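In mature numbering (1 follows the signal peptide of the UniProt record, and there is no 0), the protein residues as written are -26 to -1, 1 to 401. Positions of the beta carbon are idealized from the N, C-alpha and C atoms, including for glycine. In this text the structure is predicted, and so the values were computed from the model without any measurement.
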Amino acid sequence: MKHRAVKNRALRLTLVAAAVTVLVTAGCSTKAAKTGGTSGADGVKTGVGVTADTITLGVLTDMSGPFAPIGKQLVQIGELVRTDINNSGGICGRKLEFQVQDHGYNVQKAVTLYKSMEPNSLAFLQILGAPVNAALEEEVKRAKVLTLPATFAQALLANPYVVLPGATYDLELVNGVSYLAEQGKIAKGDAIGHIYQEGEYGASALAGSKYAAEKLGLRLVQRQVKATEEDMAGYVSSLKAEGVKAVLLTSSPKQTASVAAVAKSIGLEVPLVGNNPAFTQSLLDTPAGPALRANFLWSSTVAPLSADRPGPKAALALYAKGYPNEKPSSSVASGYGGAMVFIEILRKACQNKDLTREGMETAFRQLGQVDTGGVYPPLDFSKPGKPSSRSSGIGQPDPAQTGGLKELRAPFVSDLAKDYPAGADAK
């Protein structure tokens, strides 16, 4: 198959010039999408969630549960992007509209809300939570509705309607454990702990920690927790008794704070390495702040807002303009980068004159390589079932930095991650 690079073009956001560029793969999807939609006066096929004036996207998030700090800022930056797009003429001459619902990280509630939202949404800009996405997998496939999951669970790669930018949780920890080994924090024969949530969030990350431990000759001590648990004292004490030299965290922000505070109080002075949802800036204002600054490391495919790259800078500028009194966290960058990818899919669907769900899927498959200006590592969506990146970086809490994190290491692919059987290659 031959590829041709079309002229790179910046998304027409007032604060984003040159932040996102795309290479579109030609030859793979040259046929017009088969749709059941109707064509309007502008010759654009339309279907569910699209009228002559509007495009409606669903946003199903957590604004009252354990990941509320993340969900809130994802919604805020999404609304700011929507406003900026609409002020610049919209997409295909249509204004973007969001229907936003809060599931509180309750799977049953999320399924009910999804069923009420799906008939009126072209696609879902956000469905937050690995267990929520797992529960909705068959519904999403049946409706053929493109979704941005706001989670990085490996299992989602098998769903052709999921747009997953960046490395998955397992790859984040493969890189994170590799980083600890490179820095001399752990060595062959050492024990490391892993506190992880039940469900797809934890299962995805656990696959990575198991792989890294096996390859590096480490003993992995596992502790599974429920998403609603907040007191981690018992788990941390048991890990200290096991003599762990590091603790991996696939947790909520509150759980991370509890682990850090308890570990500090009982003298467990070891690195704490968390996946990207495990930390928010607000934790630095809690009693756990000093412990986090001393021992926590953030292994994330999303860049910290303090990163000196165009994408994070654009995300921060847009958020600061809309919410000058809020403290932005990495969720702002994540939501911004994800929205940029989704907006590009919409623009490609418009170019194809097909704003139906089938048209959205075709446009997604035509994306190929995407550069979000450093919010995410360079992305490649040309291989269905595979992660769009294997890269993640390392951050460290720092209240002096915007977003509460400083970048210790820019996104990298460790030697272990290069060979890790991710996505369609996983057993």
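Quick test of your reading: residue i and residue j, contact by CB under 8 Å. State the CB separation rounded to the nearest angstrom.
i, j, result
"Tyr135", "Lys159", "The Cβ separation is near 40 Å, so there is no contact."
"Asp164", "Leu138", "That pair is no contact at about 32 Å."
"Leu87", "Gly52", "So it is not a contact: roughly 17 Å between Cβ atoms."
"Tyr175", "Thr254", "Not really, about 16 Å apart at Cβ, beyond 8 Å."
"Leu154", "His168", "Not confirmed; about 13 Å, so no contact."
"Ile166", "Leu194", "6 Å"
"Ser363", "Gly140", "5 Å"
"Leu257", "Gly377", "In fact, because the Cβ distance is near 12 Å, the residues do not count as touching under 8 Å."
"Pro302", "Tyr293", "5 Å"
"Thr28", "Glu92", "Going by Cβ atoms, the distance from Thr28 to Glu92 rounds to 17 Å, so no, they are not a contact pair."
"Gly173", "Pro105", "4 Å"
Determine, using beta carbons only, whether residue i and residue j come nearer to each other than 9 Å.
i, j, result
"Ile252", "Glu243", "According to the sequence shown, residue 252 is Ala rather than Ile. Going by C-beta atoms, Ala252 is not nearer than 9 Å to Glu243."
"Val221", "Leu246", "yes"
"Val199", "Gln171", "yes"
"Gln370", "Leu290", "no"
"Val24", "Thr336", "no"
"Gly367", "Phe355", "no"
"Gly78", "Ala127", "no"
"Glu111", "Asn80", "no"
"Thr35", "Asn94", "no"
"Ser178", "Thr142", "yes"
"Lys327", "Lys69", "no"
"Ala307", "Pro284", "no"
"Pro40", "Ala235", "no"
"Leu130", "Lys360", "no"
"Lys162", "Leu190", "yes"
"Glu318", "Gly21", "no"
"Ala97", "Gly17", "no"
"Asn249", "Ser273", "yes"
"Cys66", "Leu382", "no"
"Gln75", "Ser90", "yes"
"Ala281", "Ala384", "yes"
"Gly64", "Ala84", "no"
May I ask you to list the residues that DSSP assigns as paired with residue i?
i, result
"residue 415", "For the chain, the structure presents residues -26 to 401; residue 415 sits outside this window and is missing."
"Asp36", "In DSSP, Asp36 forms no bridge with anything."
"Leu329", "Thr20"
"Leu223", "Ile169 and Gly248"
"Leu194", "Ile166"
"Phe270", "Leu246"
"Val199", "Gln171"
"Gln100", "Val33"
"Ile65", "Arg68"
"Leu353", "Val344"
For residue i, which of helix, strand or coil comes out of DSSP?
i, result
"Glu204", "coil"
"Glu71", "strand"
"Tyr170", "strand"
"Gln340", "coil"
"Lys5", "Only weak support is given to the placement of Lys5: the predicted model assigns it a pLDDT of 36, under 50, and the value that follows is read from those uncertain coordinates. Three-state result, Lys5: coil."
"Ile317", "helix"
"Ala215", "helix"
"Lys19", "strand"
"Gln375", "coil"
"Pro245", "coil"
"Ser95", "coil"
"Leu(-4)", "Because Leu(-4) carries a pLDDT of 41, less than 50, the predicted location of this residue cannot be relied on, and no value is offered for it."
"Gln157", "coil"
"Pro395", "coil"
"Pro284", "helix"
"Val148", "helix"
"Asp345", "strand"
"Leu120", "coil"
"Ile51", "helix"
"Val387", "coil"
"Asp76", "strand"
"Thr25", "coil"
"Leu180", "helix"
"Val233", "helix"
"Ile142", "At residue 142 the sequence reads Thr, which differs from the Ile that was named. DSSP places Thr142 in coil when its eight states are reduced to three."
**Report entry** Touching by the beta-carbon criterion (3+ pairs, under 8 Å), the segment 115 to 135 and the segment 191 to 210
**Finding:** Fewer than three Cβ pairs drawn from the segment 115 to 135 and the segment 191 to 210 lie within less than 8 Å of each other, which leaves the two stretches out of contact.
**Report entry** Meets three-Cβ-pair contact criterion under 8 Å: the segment 296 to 304 and the segment 41 to 48
**Finding:** yes
**Report entry** Segment contact, 8 Å Cβ cut-off, at least three pairs: the segment 306 to 320 with the segment 388 to 399
**Finding:** no
**Report entry** Three-pair Cβ contact test at 8 Å for the segment 185 to 198 versus the segment 141 to 149
**Finding:** Yes: the two stretches touch, three or more of their Cβ pairs being nearer than 8 Å.
Query raised in the report: Taking one C-beta from the segment 335 to 351 and one from the segment 52 to 71 each time, how about it: are there three or more such pairs within less than 8 Å?
Result: no
Report task. For the segment 208 to 218 and the segment 263 to 270, state whether three or more C-beta atom pairs, one from each stretch, are separated by less than 8 Å. Result -> A contact between stretches requires three or more CB pairs, one per stretch, nearer than 8 Å, and the segment 208 to 218 fails this requirement with the segment 263 to 270.
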